[in-house]
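What follows is a set of notes on a single structure, which appears directly below.
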Amino acid sequence: MGAPDPADVAHMRAALALARRGLGVTWPNPSVGCVIVRDGRVVGRASTAPGGRPHAETAALAHAGGSARGATAYVTLEPCCHWGRTPPCTGALIEAGIARVVLGVRDPDTRVDGQGIAALRARGIEVVEGVLEDEAAEVIAAFGQRVRAGRPLVTLKLASTLDGRIATRAGESRWITGPAARRAAHALRGCHDAVMVGIGTALADDPDLTCRIPGMRALPVVRVVADSALRTPFSSRLVASASEAPVWLLVSPDADPARCAEAERLGARVIAVHPHPDPLPQAGEGVKSPFPPLGGEGGHTLDLRAALR
């Protein structure tokens, strides 16, 4: 395969920019960008909507209207070809009269994985693969991790001093990072589906774990606490705001049933996590392997705060 057409690269970059806007808010679906171009002019564009629907392709086609006939669709991820809660995007592209589809990367979901491409080609649509493939793969890396391994992609956020400390000996330090680093941390939090801390951090800091960058997220971040014995205070900021943004408490199967019931009554979700045959250390908290349950819930990305005291 030779070098891609410069125009294809330019339009795929635009589609990737759209896809990145949806990171952290489209689960259980991946964030996809779609740009529709006819005669060198952009006639439609969209990204996956918050909550995962509508898909980018159908939204971009609606934007383009009749101008989609004979046009080229630039899509960061191979269009789906199976029926789920919405009809397949391959069918929408075919029905709209799209003549050519330029793709970033194949869909790792086994229900698609080349079948969407085959469906388009079977209807006479030209398909070009692999334009800015590495960048497109990076955008859907978390989705790929979930569908292949059943686990979210984990980002570790660590704040420490040069000598590896997270607080003074007396535990007095509240902030190690400066304002710029804290803004960057909130931006990182904003493009993840969930943020997780250990019970030590929950007790010491009483965090709210929200994204405080105005307008960055259309949906709240899921806030997760690894808390084997369910020691999270019901008066904490997390539990107090559980009706406004999801709070998941990961507990051991033998956690106090009465406290579990009360936590759920207050709006938190309690998830019992069973020990794993090959346990992942969770900073001594006793919750052995929270990642498969989180992946099973559809979460793609997890921002893990390292101060699990």
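Per numbering that gives the first Met the number 0, residue 0 is the first one in the sequence shown, and the count goes up by one each step.
Cβ atoms here follow ideal geometry from the backbone N, Cα and C, with glycine treated the same way.
Candidates the options, of which the one nearest residue i by Cα
i	options	result
Arg-230	Pro-245, Ala-262, Arg-211 and Ala-239	Ala-262
Leu-155	Arg-188, Ile-175 and Gly-149	Arg-188
Asp-112	Ala-98, Glu-128 and Arg-99	Glu-128
Gly-50	Ala-186, Gly-64 and Thr-25	Thr-25
Arg-258	Pro-213, Thr-200, Ser-227 and Glu-94	Ser-227
Ala-6	Arg-40, Arg-164 and Pro-219	Arg-40
Ala-141	Ile-270, Pro-53 and Gly-23	Gly-23
Val-34	Cys-80, Gly-149, Gly-1 and Leu-92	Leu-92
Ala-13	Val-153, Ala-135, Phe-233 and Arg-145	Ala-135
Ala-55	Asp-38, Arg-37, Thr-85 and Gly-65	Thr-85
Trp-247	Thr-176, Ala-72 and Val-194	Val-194
Ala-203	Val-36, Trp-174 and Ala-254	Trp-174
Neighbourhood of residue i by C-beta distance below 6 Å, restricted to the same chain and skipping five residues each side
i	result
Ser-242	Gly-266
Arg-110	His-81
DSSP beta-bridge partners of residue i
i	result
Trp-247	Val-223 and Arg-268
Glu-125	Arg-99
Thr-154	Asp-302
Ser-46	Gly-32
Val-104	Leu-76
Whole-angstrom C-beta distance between residue j and residue i, which should lie under 8 Å
i	j	result
Val-42	Val-74	Wrong, their Cβ atoms sit about 15 Å apart, outside the cutoff.
Ala-45	His-62	6 Å
Pro-87	Val-146	Not confirmed; about 17 Å, so no contact.
Ser-240	Val-272	Actually they do not touch by this definition, with Cβ atoms about 23 Å apart.
Reduced DSSP category for residue i - H, G, I as helix; E, B as strand; rest coil
i	result
Pro-280	Bear in mind that a pLDDT of 46 at Pro-280, under 50, signals an unreliable position, so the model cannot answer this.
Asp-302	strand
Ile-175	coil
Gly-285	Caution applies to Gly-285, whose pLDDT of 38 falls short of 50 and renders its modelled position unreliable; the model cannot decide the point.
Leu-76	strand
Val-138	helix
Thr-71	strand
Met-215	coil
Gly-197	strand
Arg-145	helix
Arg-110	coil
Val-8	helix
Val-41	strand
Cβ-based neighbour list, residue i, same chain, cut-off 7 Å, excluding 5 preceding and 5 following
i	result
Ala-139	For clarity, residue 139 is Ile in the given sequence; the question names Ala instead. Answer for Ile-139: Pro-29, Leu-76 and Val-104, listed in chain order.
Ala-305	Here Ala-305 scores only 45 on pLDDT, less than 50, and its place in the model should not be relied on; the value that follows carries that caveat. Cβ within range, chain order: Leu-155, Lys-156 and Leu-157.
Gly-96	Ala-67, Arg-68 and Gly-69
His-191	Gly-23, Thr-154, Val-220, Thr-300, Leu-301 and Asp-302
CB contact check: residue i to chain B, cutoff 9 Å
i	result
Ala-45	No chain B appears in the structure shown, which is made up of a single protein chain.
Beta-carbon contacts of residue i that lie in its chain and below 8 Å, excluding the five residues immediately before and after
i	result
Thr-89	Pro-78, Cys-79, Cys-80, Gly-115, Ala-118 and Leu-119
Arg-236	Asp-205, Pro-206 and Asp-207
Leu-15	Gly-32, Thr-75, Gly-103, Leu-131, Glu-134, Ala-135 and Val-138
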